[in-house]
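Take a look at the structure below.
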Amino acid sequence: MTSRGVPWVLLALVFATPARGGTAAAQPPPSNVQPSKPTAQESAAVEQRLSEAVRRHPGSFQAQQALAGFYLQQGKLEAAIPHLERAQAIDPANYANSYDLAVALLQTGKLDPAREQVRRLLSAKETGELHNLLGDVEERAGNLVAAAEEYQRGAHMDPTEDHLFDWGNNLVQLRAFE
Numbered sequence: 023m024t025s026r027g028v029p030w031v032l033l034a035l036v037f038a039t040p041a042r043g044g045t046a047a048a049q050p051p052p053s054n055v056q057p058s059k060p061t062a063q064e065s066a067a068v069e070q071r072l073s074e075a076v077r078r079h080p081g082s083f084q085a086q087q088a089l090a091g092f093y094l095q096q097g098k099l100e101a102a103i104p105h106l107e108r109a110q111a112i113d114p115a116n117y118a119n120s121y122d123l124a125v126a127l128l129q130t131g132k133l134d135p136a137r138e139q140v141r142r143l144l145s146a147k148e149t150g151e152l153h154n155l156l157g158d159v160e161e162r163a164g165n166l167v168a169a170a171e172e173y174q175r176g177a178h179m180d181p182t183e184d185h186l187f188d189w190g191n192n193l194v195q196l197r198a199f200e
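The structure is reproduced here in structure tokens:
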């Protein structure tokens with residue numbers, strides 16, 4: 023059992039897919055074969071199972087996050103946000119869920135809530151990744167100077183290629199490349 027009362031078996035069943043071809047164990051596809059995308063019918067069945075798990079266990083972080091993850095994977099950000107928010111209310115310390123929520127808010131144009139979410143994360147743990155994300159929020163809001171400051175912090179804390187590129191790109195937009 024999980025700490026919230028949802029059996030792990032339930033989660034395993036939610037993600038289980040029926041074996042094809044009657045084999046006892048699914049074999050990995052040959053390396054030259056691309057895995058097929060699930061059909062609309064298969065996706066609908068998974069969504070229904072995940073939704074049912076949320077309905078039966080609304081206080082389960084795992085159920086809420088599993089449905090949110092499904093929606094994120096499907097590109098249904100608006101549908102994912104309420105489940106990410108519920109999962110965060112259940113387990114506010116879960117970094118990955120909180121980060122996903124901030125990104126979904128940013129990508130749907132909800133900039134003030136995205137900014138608040140990133141700042142909340144930064145107050146708990148300051149990382150280059152979070153400063154870079156806050157730079158994305160500020161840039162999208164048109165606050166290029168604030169974005170440059172965040173990108174710079176992110177690039178100094180974690181000088182990855184992406185962070186350095188974002189900072190440099192922002193400086194070019196500001197015409198502050200000197």
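When we follow this note's numbering, the leftmost residue of the sequence shown carries the number 23, and every step to the right adds one.
Virtual Cβ for every residue (Gly too), placed ideally from N, Cα, C.
Rounded C-alpha distance that separates V159 from V167:
Against the sequence shown, residue 159 aligns to sequence position 137. Against the sequence shown, residue 167 aligns to sequence position 145. If you take the alpha carbons of V159 and V167, they lie about 12 angstroms apart.
Nearest candidate by alpha-carbon position, reference A136, set S145, E148, L123:
For the purposes of this step, residue 136 is taken as residue 114 along the sequence shown, with counting starting at 1. When each option's Cα is compared against that of A136, the closest is L123.
Closest by CA to R142, which one among Y117, Q174, E161?
What you label residue 142 is simply residue 120 of the sequence shown in a count that begins at 1. Nearest option by C-alpha distance: Y117.
To which residues of the same chain is A170 closer than 8 angstroms at the C-beta, ignoring the five residues directly before and after it?
For the purposes of this step, residue 170 is taken as residue 148 along the sequence shown, with counting starting at 1. Excluding positions up to five away in sequence, the list reads G157, W189, N192, L193, L196, A198.
Beta-carbon proximity list for A175, same chain, < 6 angstroms, skipping 5 on both sides
For the purposes of this step, residue 175 is identified with residue 153 of the sequence shown, where counting begins at 1. Checking the displayed sequence, the identity of residue 175 turns out to be Arg instead of Ala. If we look at R175 and ignore the five residues flanking it on each side, its Cβ neighbours are H153.
Does DSSP put G43 in a helix, in a strand, or in coil?
Reading the sequence shown from its first residue, position 21 is the one you call residue 43. Because the pLDDT at G43 is just 41, under 50, the model does not fix this residue reliably, and the value given afterwards should be weighed accordingly. If DSSP states are grouped into helix, strand and coil, G43 belongs with coil.
So, at 8 angstroms on beta carbons, what are the nonlocal neighbours of A38 in its own chain, with the 5 sequence-adjacent residues on each side left out?
Counting from one through the sequence shown, the residue named residue 38 turns up at place 16. Residue confidence for A38 is low, a pLDDT of 45 falling below 50, so the modelled location carries little weight; the figure read from the coordinates is stated next. There are no such residues.
Taking Cβ positions, are A102 and A88 nearer each other than 8 angstroms?
Looking up residue 102 in the sequence shown gives position 80. Looking up residue 88 in the sequence shown gives position 66. The answer is no: Cβ separation not under 8 angstroms.
Ignoring anything shorter than 4 residues or poking outside the segment 157-181, list the alpha helix (DSSP H) runs there in chain order.
166-179
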